[in-house]
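>
Number of protein chains: 2
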Amino acid sequence: MSQAGWQVDPESGWLVENQTIGFEIRWRLQRLLHHERSAYQDIVVAELERFGRALFLDRILQVAELDEFIYHEMLVHVPLAALPAARRVLIIGGGDGGTLREVTRWRDVEEVHLVELDEAVVRVCRQWLPQLGAGAWDDPRLTIHYADGFAFLEAAPAGHYDAILVDCSDPGTPADTLYSEAFYRTAHRALAEGGCLVQQALSPFIHRDVLTTILQRLAAVFPQRGVYFCPSISYLIGLQAFVWGAKGTNPAAGPARTAPDGTRWYTPESHRAAFLMPPALAIFRASAG
Amino acid sequence: MSQAGWQVDPESGWLVENQTIGFEIRWRLQRLLHHERSAYQDIVVAELERFGRALFLDRILQVAELDEFIYHEMLVHVPLAALPAARRVLIIGGGDGGTLREVTRWRDVEEVHLVELDEAVVRVCRQWLPQLGAGAWDDPRLTIHYADGFAFLEAAPAGHYDAILVDCSDPGTPADTLYSEAFYRTAHRALAEGGCLVQQALSPFIHRDVLTTILQRLAAVFPQRGVYFCPSISYLIGLQAFVWGAKGTNPAAGPARTAPDGTRWYTPESHRAAFLMPPALAIFRASAG
Numbered sequence: 001m002s003q004a005g006w007q008v009d010p011e012s013g014w015l016v017e018n019q020t021i022g023f024e025i026r027w028r029l030q031r032l033l034h035h036e037r038s039a040y041q042d043i044v045v046a047e048l049e050r051f052g053r054a055l056f057l058d059r060i061l062q063v064a065e066l067d068e069f070i071y072h073e074m075l076v077h078v079p080l081a082a083l084p085a086a087r088r089v090l091i092i093g094g095g096d097g098g099t100l101r102e103v104t105r106w107r108d109v110e111e112v113h114l115v116e117l118d119e120a121v122v123r124v125c126r127q128w129l130p131q132l133g134a135g136a137w138d139d140p141r142l143t144i145h146y147a148d149g150f151a152f153l154e155a156a157p158a159g160h161y162d163a164i165l166v167d168c169s170d171p172g173t174p175a176d177t178l179y180s181e182a183f184y185r186t187a188h189r190a191l192a193e194g195g196c197l198v199q200q201a202l203s204p205f206i207h208r209d210v211l212t213t214i215l216q217r218l219a220a221v222f223p224q225r226g227v228y229f230c231p232s233i234s235y236l237i238g239l240q241a242f243v244w245g246a247k248g249t250n251p252a253a254g255p256a257r258t259a260p261d262g263t264r265w266y267t268p269e270s271h272r273a274a275f276l277m278p279p280a281l282a283i284f285r286a287s288a289g
Numbered sequence: 001m002s003q004a005g006w007q008v009d010p011e012s013g014w015l016v017e018n019q020t021i022g023f024e025i026r027w028r029l030q031r032l033l034h035h036e037r038s039a040y041q042d043i044v045v046a047e048l049e050r051f052g053r054a055l056f057l058d059r060i061l062q063v064a065e066l067d068e069f070i071y072h073e074m075l076v077h078v079p080l081a082a083l084p085a086a087r088r089v090l091i092i093g094g095g096d097g098g099t100l101r102e103v104t105r106w107r108d109v110e111e112v113h114l115v116e117l118d119e120a121v122v123r124v125c126r127q128w129l130p131q132l133g134a135g136a137w138d139d140p141r142l143t144i145h146y147a148d149g150f151a152f153l154e155a156a157p158a159g160h161y162d163a164i165l166v167d168c169s170d171p172g173t174p175a176d177t178l179y180s181e182a183f184y185r186t187a188h189r190a191l192a193e194g195g196c197l198v199q200q201a202l203s204p205f206i207h208r209d210v211l212t213t214i215l216q217r218l219a220a221v222f223p224q225r226g227v228y229f230c231p232s233i234s235y236l237i238g239l240q241a242f243v244w245g246a247k248g249t250n251p252a253a254g255p256a257r258t259a260p261d262g263t264r265w266y267t268p269e270s271h272r273a274a275f276l277m278p279p280a281l282a283i284f285r286a287s288a289g
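Here the protein sequences come in this chain order: A and B.
Residue numbers in the first sequence follow full-length UniProt numbering, run continuously in steps of one, and reach 289 at the last position.
Residue numbers in the second sequence follow full-length UniProt numbering, run continuously in steps of one, and reach 289 at the last position.
In structure tokens form, the structure reads like this:
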């Protein structure tokens with residue numbers, strides 16, 4: 001089962017994740033459920049102690065059952081509750097289905113495009129992490145595109161999307177171009193007036209420099225932009241950062257409408273708390289305006 | 001440098017922390033600054049990439065420069081700002097000095113007792129982590145007792161302390177008895193009317209069962225009790241839980257007075273946000289009343 005450059009060892013029951021700054025993680029695999037190498041990356045689904053089932057791409061944990069709802073609810077409901085309405089939503093990445101699940105909770109959404117580079121991620125997650133996407137994969141409003149997110153967005157009509165949700169892996173992975181100023185310019189063009197872009201953007205303490213750079217690139221394109229945070233358990237970074245850029249909508253002002261029932265982390269209070277910037281995070285407030 | 005049962009290897013530059021559920025951490029040591037075995041435990045101070053200097057007791061990270069202020073400010077200022085006044089403060093544990101530093105910022109505090117089991121922790125931290133305690137170690141209001149925290153509290157006068165801050169290691173370590181119902185009963189007796197106890201209590205997602213048990217024990221003693229949270233970066237648990245028990249004070253109601261200047265995480269807003277209980281944490285709200 002082990003491959004070049006890889007350290008999956010089902011006999012010892014350990015998987016080494018070494019992308020992190022300052023430390024390395026050895027995940028204790030209770031059960032290795034699936035392992036394949038797609039055209040783009042190495043894909044593992046495993047059962048972890050306490051964290052539940054988890055997806056790893058190129059040895060980096062992407063999603064775990066224990067806390068995936070925090071990330072997905074805060075990525076989706078913060079912008080969608082800040083918008084007066086959201087008819088057309090674009091998800092870039094998000095092949096595990098969690099972001100899609102949250103988007104389809106909104107009744108007024110008429111059209112969801114999900115653009116995932118790697119067909120294998122969707123296939124594997126539908127089979128091995130079925131509760132991530134749940135019924136959302138069969139939603140009639142959904143169109144899946146197996147394509148490069150940047151290229152897809154370049155071909156999109158101007159002013160089309162009310163929300164663009166970038167649920168991708170980190171800079172330095174195949175998602176690297178999705179953190180470029182050119183990408184933000186393309187997203188700005190594709191956003192409708194009043195629309196909002198949100199993207200996962202690592203963490204404010206461990207990846208302070210990368211987050212600062214992302215915000216600078218965003219600021220070059222979006223006069224209205226900023227950052228918000230939610231707890232992250234399974235990424236082991238403490239705080240997950242999301243960056244946002246908008247055309248006339250300000251998610252930092254709090255929800256403009258009521259989010260769907262059934263959320264486990266998102267509430268109007270957690271929406272507002274996500275934008276708190278204690279002095280230690282003021283650097284991000286200052287740089288993001 | 002390596003010892004029985006230990007994996008400090010300054011040549012490879014790795015230190016293995018294996019107390020965690022579901023995963024194991026290998027810290028990348030930039031520099032091993034100090035290593036000794038005291039009468040109670042193994043003590044390491046090392047320089048880590050990104051996390052700064054860190055203290056390890058028995059291979060478990062206790063404090064790191066990167067984010068220690070979040071933990072210490074939230075442990076101290078939440079109860080002290082909720083109290084109308086705090087003249088007498090007891091710190092149990094806290095041998096690194098960070099809790100002491102925050103307590104001594106309060107001008108109205110007249111008396112601070114710090115009870116640390118292991119004299120070596122104080123000595124090592126004063127030498128190798130001097131910014132933790134800063135000038136607080138020389139504060140004339142401070143008395144240090146090298147003693148068992150539980151025994152010290154049993155001998156304390158009834159109704160003496162306005163605040164008891166338990167800044168100890170986790171259950172299963174030498175601090176185990178500090179999480180017993182008997183300890184909470186003793187603390188209740190030593191608290192003044194209107195006083196408040198706060199204790200670090202692991203994390204709500206990774207240590208859900210342990211936190212639930214701690215809250216049940218606390219509830220058997222304190223009709224007024226609960227839990228609050230702050231981000232934790234260097235413990236790699238996402239959210240740090242603190243439990244509290246009070247005699248007539250309710251920290252969940254927010255600050256009753258202004259905290260000292262110069263905090264980096266504590267603000268009136270972060271005080272209130274610490275008590276947010278989204279549905280996923282409602283189990284702790286229900287069990288803690």
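Even for Gly, the Cβ is constructed at its ideal location relative to N, Cα and C.
Bear in mind that the values here come from a model prediction, so they are computed numbers and not experimental data.
Listed in chain order, which residues of the segment 271-285 of chain A have Cβ atoms closer than 8 Å to some Cβ of chain C?
This model lacks chain C altogether; the protein chains it does include are A and B.
> Please confirm if A/Arg257 has its CB atom under 8 Å from at least one CB of chain B.
Not one chain B Cβ lies under 8 Å of A/Arg257.
> Nearest to B/Asp118 by CA position, among B/Tyr161, B/Pro174 and B/Ala134, is which residue?
Taking only the C-alpha atoms, the option nearest B/Asp118 is B/Pro174.
> With a 10 Å radius around its C-beta and 16 neighbouring C-beta atoms as the bar for buried, classify B/Asp96 as buried or exposed.
Label assigned to B/Asp96: buried.
> Taking the alpha carbon of A/Glu110 as the point to measure from, which residue in A/Gly195, A/Leu215, A/Arg88 and A/Gln200 has its own alpha carbon closest?
Selected option, being the one with the closest Cα: A/Arg88.
> Which value, in whole angstroms, describes the spacing of the CA atoms of A/Ala163 and B/Ser270?
Computed Cα separation, rounded: 29 Å.
> Throw me the rounded Cβ distance for the A/Ala220 and A/Leu211 pair, which I believe falls under 8 Å.
Actually they do not touch by this definition, with Cβ atoms about 15 Å apart.
> So, A/His145 versus A/Val122, is the Cβ gap smaller than 8 Å?
For A/His145 and A/Val122, no; Cβs fall outside 8 Å.
> Considering just the uninterrupted stretch of the beta strand (DSSP E) at A/Thr143, what are its terminal residues?
It spans Leu142 to Tyr146 - the beta strand (DSSP E) in which A/Thr143 sits, taken as one unbroken run.
> Using the beta-carbon of each residue, which ones in chain B are nearer than 7 Å to A/Leu66?
Within 7 Å Cβ-Cβ: Phe205.
> Let me check one thing: in DSSP terms, what residues is A/Phe242 bridge-paired to?
DSSP output for A/Phe242 lists A/Gln200 and A/Tyr228 as bridge partner(s).
> Quick check on A/Pro157: buried or exposed, where buried means 16 or more other Cβ atoms within 10 Å of its Cβ?
Result: exposed.
> Within 8 Å (strictly less), CB to CB, does B/Trp6 reach chain A?
Its pLDDT being 44, under 50, B/Trp6 is placed unreliably by the model, and the measurement read from it follows with that caveat. No, no contact with chain A.
> Please decide whether A/Ser169 counts as near chain B, where near means a Cβ-Cβ distance under 8 Å.
For A/Ser169, the answer is no, since every Cβ of chain B falls outside 8 Å of its Cβ.
> Whole angstroms are fine: how far does the CA of A/Tyr228 sit from the CA of A/Ala282?
Cα to Cα, the separation comes out at about 12 Å.
> Using a Cβ-Cβ distance under 8 Å, would residue 304 of chain B count as near chain A?
Residue 304 of chain B cannot be examined here, being either before or after the span of chain B that is shown, 1 to 289.
> Just mark B/Thr249 as buried or exposed, buried being the case when its beta carbon has 16 or more other beta carbons within 10 Å.
Classification of B/Thr249: buried, given that the 10 Å Cβ count is 16 or more.
> Report yes or no: do the segment 44-57 of chain A and the segment 14-29 of chain A share at least 3 C-beta pairs separated by less than 8 Å?
Judged by Cβ distances under 8 Å, the segment 44-57 of chain A makes contact with the segment 14-29 of chain A, as three or more pairs qualify.
> State the beta-bridge partners of A/Ala64 as determined by DSSP.
Note: A/Ala64 sits in a beta bridge opposite A/Ala54.
> With respect to the beta strand (DSSP E) encompassing B/Asp162, which residues constitute its N-terminal and C-terminal limits?
Where B/Asp162 is concerned, the enclosing beta strand (DSSP E) stretches over Tyr161 to Asp167.
> List the DSSP bridge partners of A/Arg26.
A/Val16 and B/Glu24, per the DSSP bridge assignment.
> What beta strand (DSSP E) runs, 3 residues minimum, are completely inside the segment 97-124 of chain A?
Listed in chain order, the complete beta strand (DSSP E) runs (minimum 3 residues) inside the segment 97-124 of chain A are 111-116.
> I need the straight-line Cα distance from B/Gly22 to B/Ala274, nearest angstrom please.
Going by the C-alpha atoms only, they are around 26 Å apart.
> What residues of chain B sit near A/Phe23, judged by a beta carbon separation below 7 Å?
Here the neighbours are Ile25, Arg26, Trp27 and Arg28.
> With a CB to CB cut of under 7 Å and the five nearest residues on each side skipped, what residues in its chain are close to A/Ser38?
Excluding sequence neighbours, A/Ser38 sits near Asp118 and Ala120.
> Is it the case that the segment 70-79 of chain A contacts the segment 193-207 of chain A, given that we only count it when at least three CB pairs across the two stretches are under 8 Å?
These segments touch.
> For A/Phe69, which of A/Arg285, A/Thr263 and A/Met277 has the nearest alpha-carbon?
Minimum Cα distance to A/Phe69 is reached at A/Thr263.
> Among B/Asp170, B/Gln216 and B/Thr20, which residue has its Cα nearest to the Cα of B/Glu181?
Taking only the C-alpha atoms, the option nearest B/Glu181 is B/Gln216.
> Could you give the DSSP three-state label for A/Leu90: helix, strand or coil?
Residue state, collapsed to three classes: strand.
> Would you mind giving the Cβ-Cβ distance between B/Glu73 and B/Phe51, rounded to the nearest angstrom? I have them listed as a contact below 8 Å.
That belief does not hold up - the Cβ atoms of B/Glu73 and B/Phe51 are roughly 18 Å apart, past 8 Å.
> For A/Arg189, collect the residues of the same chain with a Cβ closer than 7 Å to its Cβ; drop the 5 residues on either side in sequence, then sort them by chain order.
For A/Arg189, where only same-chain residues beyond five positions count, the Cβ hits under 7 Å are Ala158.
> To which residues of the same chain is B/Cys230 closer than 8 Å at the C-beta, ignoring the five residues directly before and after it?
So the list reads Ile70, Tyr71, Met74, Leu239, Gln240, Phe242, Trp265, Ser270 and Ala274, once near-sequence residues are dropped.
> Is there a C-beta anywhere in chain B that falls below 8 Å from the one on A/Ile233?
Interface residue, yes.
> Taking 8 Å as the CB-CB limit, is A/Phe56 close to chain B?
For A/Phe56, the answer is no, since every Cβ of chain B falls outside 8 Å of its Cβ.
> Where does B/Pro251 land, buried or exposed, given buried means 16+ other C-beta within 10 angstroms?
By the 10 Å Cβ count, B/Pro251 comes out buried.
> Taking a Cβ distance cut-off of 9 Å, strictly less, list which residues of the segment 31-53 of chain A are near chain B, in chain order.
Of all residues in the segment 31-53 of chain A, Leu48, Glu49, Arg50 and Phe51 have a Cβ within less than 9 Å of some Cβ in chain B.
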